[in-house]
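So the structure is just underneath, and the comments pick up after that.
Chains as they are written, first to last, in my numbering: chain X, 1 to 324; chain S, 1 to 322.
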């Protein structure tokens, strides 16, 4: 396939544009999405007019409205500017979008809505109301799907699948990834929700990560290789459903597990993975599981917050070495 | 009142009577030990029933927690309603919804359990109607208690900005659970808040079925012709407590005189008297309606009780759409 280099933000925009050209049911809603602080939806209104709707500052309201539109024949794609703001919309997402189909008895009741959320990014002093990683929060709700791509290629393939899905999908994007470039094919493609990817093969230890931290894990693996440790690096891509098989299959080979994420350790993504492995693959392990996650602090508005409290490449290297 | 066809008047009366018998039946079943979440409609029948009578079948209803008037008004068979309330497979949501009554064909879009959660959803249904150009309208009910939720304001603002075809009906029965709204609500007329959201607000005597019908009909016409949402405040009163568990509603947190005063405004009796006075129906006609309604609700109870529960396997489906 022919491919070009484009940024993560451009890849998502291209995915949105392609789907919107094909299907008039798709509308975009969110705060300032015509110009758009994240650039993802910038200028789409010039092509799609009224289908790109600047909403009031009203997260609960516009996420709820998206549920109503989705129930009645539209496919809304909503932008929530920060994960922290999803707390305002928590009822609309977790109580309404997630449950509506079931509580109405299934059948024609469907909620094909995508909540795009600019996640991660505790750097640059964004602080505790703009920098928290809350993707694990929504893993507790059956009825939702949660994805978090790490590359432009995955972002485009997954946004298209999320839009076509008849269920509510939380599509996390990473603020620090918006500008990174990667190859994206010219031809149309989609990626399945619920499939992880082995980004680097290795036989000594499995590092499971996603999004921004995945890139740190890949660099850590290169560092470890110089020291004679071959790490297998898995990019989850989807957090719900979780690709358990990919993780367990890797552990059959490596017998050691390190998880790395930006969110809180307790009740986090790594906690879920460790629990799955304890239930279904404890016999595969020859060392305790290592979970790397945000420290037990409120993220300070410090430009050093990221380095001080979020797992870094060096932390991943150190954690792996402790297992040998 | 000549503008309202006799057929519609009798339909409204019939539905109000069916609703009252259903309400009584549910209370009787609860007293008999069957667990049902019930917020009695008694005393408030006129608003949901007459409002729904002003709709076309294709129009949407976003219901709220108090009673089942919007369901009966929109045409739901009491059999499947009652079956759903006790979690039976034959219920309108296949036993999965319980109080979350919904029916796609009747355009009953699911009764929320979280107060006011549905108000922005209603605005979104209105937005969808505009995109799809289908000229439907949405009737969105909530109570005076929920009117203080942020979601009511967010939903009303969105509907107003989008000129969405939504009619907001606030049934103001003066109490949220056991708390009089003078303790909690900044305005005596909740309709005052319509102005803040740039939409017309109308107060209607919620115990006068004909007044409700005419008011809602006007708002429906306005919405359907693209002029946007209307806020209607229905002044009404619940004769029973918040739920069947409420033992304090009479002479407790509510003065007995107040309850007695509202008893004299009973909406079912008012419409009955009017039908007789205007000779829209004879005493025999009305007795026939009442007898049939009673039989129907008895049959609904039998149907609901005799229906099977869904299996675990059946209850395990539909968390996700395939």
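Even for Gly, the Cβ is constructed at its ideal location relative to N, Cα and C.
Against chain X, a Cβ distance below 9 Å from residue 151 (chain S) picks out 60, 61, 64, 91 and 92. Taking 7 Å as the Cβ-Cβ cut-off, the segment 61-76 of chain S has no residue approaching chain X. Only those residues of the segment 92-105 of chain S whose C-beta falls short of 7 Å from the nearest C-beta of chain X are listed: 92, 93, 94, 96, 97, 100, 102 and 104.
The beta carbon of residue 287 (chain X) lies closer than 6 Å to those of 256 and 323 in the same chain, with the five residues before and after it left out. Judged by DSSP secondary structure, residue 139 (chain S) falls within the beta strand (DSSP E) whose first and last residues are 138-143. Taking all protein chains in view, the Cβ of residue 248 (chain S) is surrounded by fewer than 16 other Cβ atoms within 10 Å, so the residue is classified as exposed. Burial state of residue 304 (chain X) is exposed, judged by a 10 Å Cβ sphere holding fewer than 16 other Cβ atoms.
Proximity to residue 231 (chain X) across X:321, X:310, X:165 and X:119 peaks at X:321, based on C-alpha coordinates. As DSSP reads the structure, residue 171 (chain X) sits in a beta bridge with X:116 and X:147. For residue 157 (chain S), the residues of chain X that pass the 9 Å Cβ criterion are 56, 58 and 61, in the order they occur in the chain. With a cutoff of 8 Å on beta-carbon distance, residue 165 (chain S) and residue 199 (chain S) are scored as not near each other. Contact check for residue 73 (chain X) against residue 111 (chain S) fails: the beta carbons are separated by 8 Å or more. Residue 270 (chain S) and residue 205 (chain S) have their C-alpha atoms spaced approximately 12 Å apart. For residue 245 (chain X), the enclosing alpha helix (DSSP H) covers residues 244-254.
Judged by DSSP secondary structure, residue 170 (chain S) falls within the beta strand (DSSP E) whose first and last residues are 166-172. Where residue 276 (chain X) is concerned, the enclosing alpha helix (DSSP H) starts and stops at 269-280. Here residue 32 (chain S) is not near residue 49 (chain S), since their CB atoms are 8 Å or more apart. For residue 199 (chain S), no chain X residue has a Cβ inside 7 Å of its Cβ, as the nearest lies near 15 Å away. Under the three-state reduction of DSSP, residue 158 (chain S) is assigned to helix.
Two segments are said to touch when three or more pairs of C-beta atoms, one from each, lie closer than 8 Å; by this definition the segment 77-97 of chain S does not touch the segment 19-38 of chain X.
Per DSSP, residue 250 (chain S) lies in no beta strand (DSSP E) segment and is marked neither H nor E. Counting every other CB atom within 10 Å of its CB across the protein chains shown gives residue 12 (chain X) a total of 16 or more, marking it as buried. The C-beta separation of residue 148 (chain X) from residue 119 (chain X) comes to about 7 Å, placing the pair in contact by the 8 Å criterion.
Within the segment 135-153 of chain X, 142 and 143 place their CB atoms closer than 7 Å to a CB of chain S, listed in sequence order.
For residue 229 (chain X) and residue 260 (chain X), the gap between their C-alpha atoms comes out near 18 Å.
Any Cβ of chain S closer than 8 Å to the Cβ of residue 106 (chain X) would place that residue at the interface, and such an atom is present.
For residue 171 (chain X), none of the residues of chain S pass the 9 Å Cβ criterion, the least Cβ distance being about 16 Å. Counting along the chain, residue 76 (chain X) sits inside the beta strand (DSSP E) bounded by residues 75-80. Sequence-distant partners of residue 79 (chain X) (beyond 5 residues in either direction) whose C-beta falls short of 6 Å from its own C-beta, in its chain, are 30, 33 and 116. Residue pairing from DSSP places residue 181 (chain X) in a beta bridge opposite X:7.
Taken through DSSP and simplified to helix, strand or coil, residue 193 (chain S) comes out as helix. Under the three-state reduction of DSSP, residue 227 (chain S) is assigned to coil, being neither helix nor strand. Apart from sequence neighbours up to five positions away, the residues of its chain that approach residue 166 (chain X) with a beta-carbon distance below 6 Å are 110 and 112, ordered along the chain. Around the C-beta of residue 206 (chain X), 16 or more other C-beta atoms lie within 10 Å, and the residue is accordingly described as buried. Only residues of its own chain outside the window of five on either side were considered, and among them 107, 136, 137, 138, 139 and 220 have a CB closer than 8 Å to the CB of residue 59 (chain S), listed in chain order. Nearest Cα to residue 15 (chain X) within the set X:53, X:190 and X:58: X:190.
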